[in-house]
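What follows is one structure encoded as structure tokens, with my remarks underneath.
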Amino acid sequence: MNEQPLHDLDTLRARQPRFRGLESGHRACQGCGEALAARLTTEAAGPDVVVANATGCLEVFTTPWPQSAWRLPWIHSVFGNTAAVAAGMEAALKQQGRATQVLAFAGDGGTFDIGFQALSGMMERGHDVLFVCFDNEAYMNTGVQRSGSTPHAAMTTTSPPGELRMGKRHMKKDILSIIAAHHIPYAATASVAYPSDLRKKVRRAMDTEGASFLQIHSPCPLGWGHDGAKTIEVARLAVQTGLFPVIEMERGELIGTLPIREPRPVSDYLKLQNRFRHLFASEYRARKELEHLQAIANRNIERFELRGVGPETYDTEGADTVHRGGDRWA
Amino acid sequence: MIQIPPGAFARPGTSLEFKTGTWRAERPVHQRRAAPCHSACPAGEDAQAYLAKVEMGDMRGAWETVVAANPLPAITGRVCHHPCESACNRAHYDESITIHGVERFLGDEALRQGWSYPVPIPSADAPRMAVVGSGPAGLAAAYHLLRGGCRVTLIEAMPAAGGTVRTAIPHYRLPPDVLEQELDHMLALPGLDFRLRTQLGRDVSLEELRADHEAVFLGPGRRKGREGSADFAVPGNLRTGLQLLEAWVAGGTLPEQPRSVAIVGGGNTAVDLARVLRREGVEQVHLISHQRVPAPGVPADDAMRATYREVSQALEEGVTIHEHRGVRRLILRGERVVGMELVHMKKLEDADGRLRRVAFEGTETVLHVDQVIPAIGQDVDGSGFESLVRRGYMEVEPWWGTVDGQSGIFSGGDARSDHGTVSEAVGDGRRAAAAMLRYRAGKQLEPGAPPEPIPYSDLNLSYFETAPASKEPVLPPEQRLGLEEIEGGLQANAVRHEAHRCLSCGDCLACDNCWTLCPDQSVLKTREVAADGSHYVFDYDFCKGCGICAHECPTGYIRMIPE
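If you read the sequences in order, they're chains Z and Y. Using the numbering used here, the first residue of the first sequence is number 20, and each one after it goes up by one. Using the numbering used here, the first residue of the second sequence is number 128, and each one after it goes up by one.
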């Protein structure tokens, strides 16, 4: 056991060389990808922001009354109207002539499904808001119900595998094409497995005038059924297999990707998660759905031209390289 | 002003009142584990530790880390067969770190800059220890006794220090100026009473040494040509390989100039002599060995005792090696050797499961040579301590070097039957010195072993990038005619490149991964080095024990232990 008599932890905590937007003591599960994503997002966005947060895990685990884990102005909207609340705050701050930036936080339910019309309106009116979707691919807060973002064939409590279906029957909603159709100045996807890339995209979105959108792939150990210690590994494999493309768009046009150096088979990603366990049964339907998911990954790689042409500094292998002394590229 | 009712807001950061650490079933701890290079080093050097210092730009600190184990890095950086590099985890990833190049650079840099050894000046009443023999084992023992605060009497029978390192290592491997400088540097340490031309049994007896000192280390090496153990009768006028090699190293010439020579033996002496003879213009040099050429994959008991690097350079230089071959008899014309009869041999398990050499009938061949040189090994010259030598060797406890049945007498180096390299000798001297200090303090000697290395599978390689190893310049075979050093060493930039490639197995890289990836803000970064040697502190009040930090630690430095 390592005792640390040299350090007074309260002082040390106060002296951390980064902005602590999301403080310890929040009630997220062990290994929560969303908590990590929110921590990385707020430390890159900096203190001069206000946040509107939709109903969901993030709202629940950060603010059990009378406590709050946030160290920035934060307001809980209802499930469906985060983008509208954020748009209102942005208009008010603009009216007051203040430079404070507005963020909107929502899960995939609050983005793909319930909050979608407010988001669409906000983008259409061009509010200077960064909308961050913490994508954990189901309604986790209420007990893992399938959402528009749940991937095809995944098991949730409302898409159980059985005689008739192999998990979710439908496809994961192509939210990027819908966002692209709004022709906003900046939209991107990121993953908690690539924190430098994530922080760079937050800063870039904050510098963009007008509406911007960031979708962060955030594994949920409880809902996906994987070991909490493997959150980063699972997230990394989602990117390396091509199942979660990491890209950037301006005005709906693809302008950049995180190239995949050597695509991994989707089974490497799927087999770590209970929600895909039924795909590894020895039956035809399972083999077929496994190949189906591989085909989806292949199509992503094709569509976004994700395959790298050779080793690059900032590809799926190089972008998370560490160095002595902690200097990361963003 | 609008008043917000108290039920509608909370103060920032108040979640700190709630200690999520109570949820934890396992806690992460920092646990330094030995890197494979460290476990594999016969001298006990921690290469990972000094590579880290090199990467931080602290060359002097790196050298001090080297000499915490081995006082002679300029020498070992050149002559050691670097088992550290064979063990290096990076070999599984792309290529091993060129550790010997870094060691050599640091040794040379210390000599160039005149860095002084981190050794205290002994007090007037410091305990006195005796060391016999100033080869690498004796020097290492003396050095570590000085480090331990003792005064040391070091006696050497020859007129100069160094033992086998001076007498039997060719200059193309170890230039004499490097040898002299490093020996002089070490022998100038305060508290060392160094007496040349002082032979045990002639000038001083073991009993006298024992009476005047707290403990005695014997590092006699192996200098007596072995008699009667060759496959063939050795004519009286034949010189042994070691004698010829020593004559050449000392004088640069050989007494005879034959056209073709066969050397019988597969050790470093045999191989060195073969290369010397090629340099002296001998057209055909044959090596006759019971074993095979050492190479990766060849089992140790079937490989020649010479190191892989030496054997492959000898092959490059045109030496012919006859593997699995024994000598039946010499073919003489009058008194003169004109050839030898060879036979294929192999070691096989007999009915009792013991390895036995078998010669295969009908495989005899004749090799015509002008000269035959036996180089089948040497025995300990036990002058002055005859009763301690058994079957030509010193029998010692393998870790501490305690001589069987003797109190306060320790030994190591080539005098052991199982050791025959400079770095093994340095390690023997180092551990024996530690044993002598414990012996004096009346402490028990617990059985020792090298630290268990961290396996490759315990690293997280997602966080590294491939990078080719820096290679030192090597003289092409056709230019290796004289005494010029064959390997050119690494330049400063290449040394830093190698340090940067080090995976830091089992030790904190200060890479910020745990700090960056903790979802609970429970890894706190420190400006100064924390109590456990890392740059991070776990806040167990809030750590939920998810294990992300341990799983994503690139170097395997964080472990989860049950609460």
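Backbone N, C-alpha and C define an ideal beta-carbon position, used for all residues, glycine too.
Proximity to residue i [Cα-Cα], best of the options
{"i": "Trp527 (chain Y)", "options": "Y:Leu651, Y:Phe537, Y:Pro317", "result": "Y:Phe537"}
{"i": "Leu277 (chain Z)", "options": "Z:Glu310, Z:Lys220, Z:Arg347, Z:Val253", "result": "Z:Lys220"}
{"i": "Val193 (chain Y)", "options": "Y:Ser550, Y:Pro385, Y:Thr490", "result": "Y:Ser550"}
{"i": "Glu513 (chain Y)", "options": "Y:Leu400, Y:Ala542, Y:Gly504", "result": "Y:Ala542"}
{"i": "Ala257 (chain Z)", "options": "Z:Pro282, Z:Gly244, Z:Gly247, Z:Glu269", "result": "Z:Pro282"}
{"i": "Ala287 (chain Y)", "options": "Y:Gly234, Y:Pro303, Y:Phe669", "result": "Y:Pro303"}
{"i": "Thr147 (chain Y)", "options": "Z:Asp216, Z:Ser43, Z:Ala111", "result": "Z:Ser43"}
{"i": "Val69 (chain Z)", "options": "Z:Leu55, Z:Gly99, Z:Ala111, Z:Cys48", "result": "Z:Ala111"}
{"i": "Glu101 (chain Z)", "options": "Z:Ala63, Z:Met141, Z:Gln86", "result": "The question names Glu, yet the displayed sequence has Thr at residue 101 (chain Z). Closest by alpha carbon: Z:Met141."}
{"i": "Ser661 (chain Y)", "options": "Y:Ala137, Y:Ala135, Y:Val156", "result": "Y:Val156"}
{"i": "Trp84 (chain Z)", "options": "Y:Val398, Y:Gly540, Y:Glu144", "result": "Y:Glu144"}
{"i": "Gly511 (chain Y)", "options": "Y:Glu611, Y:Met431, Y:Leu333", "result": "Y:Leu333"}
{"i": "Arg274 (chain Y)", "options": "Y:Ile282, Y:Pro254, Y:Arg607", "result": "Y:Pro254"}
{"i": "Gly408 (chain Y)", "options": "Y:Glu605, Y:His624, Y:Arg151, Y:Val343", "result": "Y:Glu605"}
{"i": "Cys680 (chain Y)", "options": "Y:Leu630, Y:Glu690, Y:Asp647", "result": "Y:Leu630"}
{"i": "Pro133 (chain Y)", "options": "Z:Gln86, Z:Val328, Z:His236", "result": "Z:Gln86"}
{"i": "Gln772 (chain Y)", "options": "Y:Leu345, Y:Asp428, Y:Asp221", "result": "Only positions 128 to 690 of chain Y appear in this structure, which leaves residue 772 (chain Y) out of reach."}
{"i": "Ala251 (chain Y)", "options": "Y:Pro317, Y:Arg481, Y:Leu281, Y:His471", "result": "Y:Pro317"}
{"i": "Phe150 (chain Z)", "options": "Z:Thr60, Z:Tyr213, Z:Tyr158", "result": "Z:Thr60"}
DSSP three-state assignment for residue i, whether helix, strand or coil
{"i": "Val193 (chain Y)", "result": "helix"}
{"i": "Trp84 (chain Z)", "result": "coil"}
{"i": "Glu22 (chain Z)", "result": "For Glu22 (chain Z), the pLDDT reaches just 48, beneath the cut-off of 50, and the residue's location in the model is therefore unreliable, leaving the point undetermined."}
{"i": "Ile613 (chain Y)", "result": "coil"}
{"i": "Asn72 (chain Z)", "result": "strand"}
{"i": "Ile226 (chain Y)", "result": "helix"}
{"i": "Phe591 (chain Y)", "result": "coil"}
{"i": "Tyr684 (chain Y)", "result": "coil"}
{"i": "Val403 (chain Y)", "result": "helix"}
{"i": "Gly344 (chain Z)", "result": "coil"}
{"i": "Leu323 (chain Y)", "result": "coil"}
{"i": "Leu572 (chain Y)", "result": "coil"}
{"i": "Gly134 (chain Y)", "result": "helix"}
{"i": "Ser356 (chain Y)", "result": "The predicted model places Ser356 (chain Y) with a pLDDT of 46, which falls under 50 and marks its position as unreliable, so this point remains unresolved."}
{"i": "Thr280 (chain Y)", "result": "strand"}
{"i": "Ser96 (chain Z)", "result": "coil"}
{"i": "Thr396 (chain Y)", "result": "helix"}
{"i": "Gly453 (chain Y)", "result": "strand"}
{"i": "Lys187 (chain Z)", "result": "coil"}
{"i": "Thr335 (chain Z)", "result": "coil"}
{"i": "Pro36 (chain Z)", "result": "coil"}
{"i": "Thr203 (chain Y)", "result": "helix"}
{"i": "Gly348 (chain Y)", "result": "coil"}
{"i": "Ile129 (chain Y)", "result": "coil"}
{"i": "Arg329 (chain Y)", "result": "coil"}
{"i": "Arg366 (chain Y)", "result": "coil"}
{"i": "Arg90 (chain Z)", "result": "coil"}
{"i": "Phe232 (chain Z)", "result": "strand"}
Inter-residue CB distance, residue i and residue j (contact presumed, cutoff 8 Å)
{"i": "Pro170 (chain Z)", "j": "Lys191 (chain Z)", "result": "5 Å"}
{"i": "Pro198 (chain Y)", "j": "Met313 (chain Y)", "result": "5 Å"}
{"i": "Thr175 (chain Z)", "j": "Lys187 (chain Z)", "result": "7 Å"}
{"i": "Val388 (chain Y)", "j": "Gln498 (chain Y)", "result": "5 Å"}
CB contact flag (residue i, residue j, <9 Å)
{"i": "Val464 (chain Y)", "j": "Val496 (chain Y)", "result": "yes"}
{"i": "Gly271 (chain Z)", "j": "His146 (chain Z)", "result": "no"}
{"i": "Thr81 (chain Z)", "j": "Ala57 (chain Z)", "result": "yes"}
{"i": "Met185 (chain Z)", "j": "Leu262 (chain Z)", "result": "no"}
{"i": "Glu170 (chain Y)", "j": "Arg557 (chain Y)", "result": "As written in the sequence, residue 170 (chain Y) is Ala, which differs from the Glu given in the question. Yes."}
{"i": "Gln648 (chain Y)", "j": "Phe669 (chain Y)", "result": "yes"}
{"i": "Val163 (chain Z)", "j": "Leu241 (chain Z)", "result": "yes"}
*Continuous alpha helix (DSSP H) assignments of at least 4 residues falling wholly in the region 99 to 169 of chain Z*: 101 to 115, 135 to 144
*asked:* Threshold first: 4 residues or longer. Then list the alpha helix (DSSP H) segments lying entirely within the region 242 to 308 of chain Z, N to C.
replied: 250 to 260, 285 to 289
*asked:* My parser needs the beta strand (DSSP E) runs of 3 or more residues fully inside the region 133 to 169 of chain Y; what are they?
replied: 153 to 157
*List in chain order: all unbroken beta strand (DSSP E) runs of 3+ residues lying wholly within the region 410 to 464 of chain Y.*
411 to 415, 447 to 449, 452 to 460
*Runs of beta strand (DSSP E) wholly within the region 522 to 556 of chain Y (minimum 3 residues, chain order)*: 536 to 538
*Only counting runs of 4 or more residues, tell me where the alpha helix (DSSP H) segments fall wholly within the region 618 to 682 of chain Y, in order along the chain.*
619 to 628, 640 to 644, 675 to 679
*Any residues in the region 44 to 65 of chain Z with a beta carbon nearer than 9 Å to a beta carbon of chain B? Which ones, in chain order?*
You won't find chain B in this structure, because its protein chains are Z and Y.
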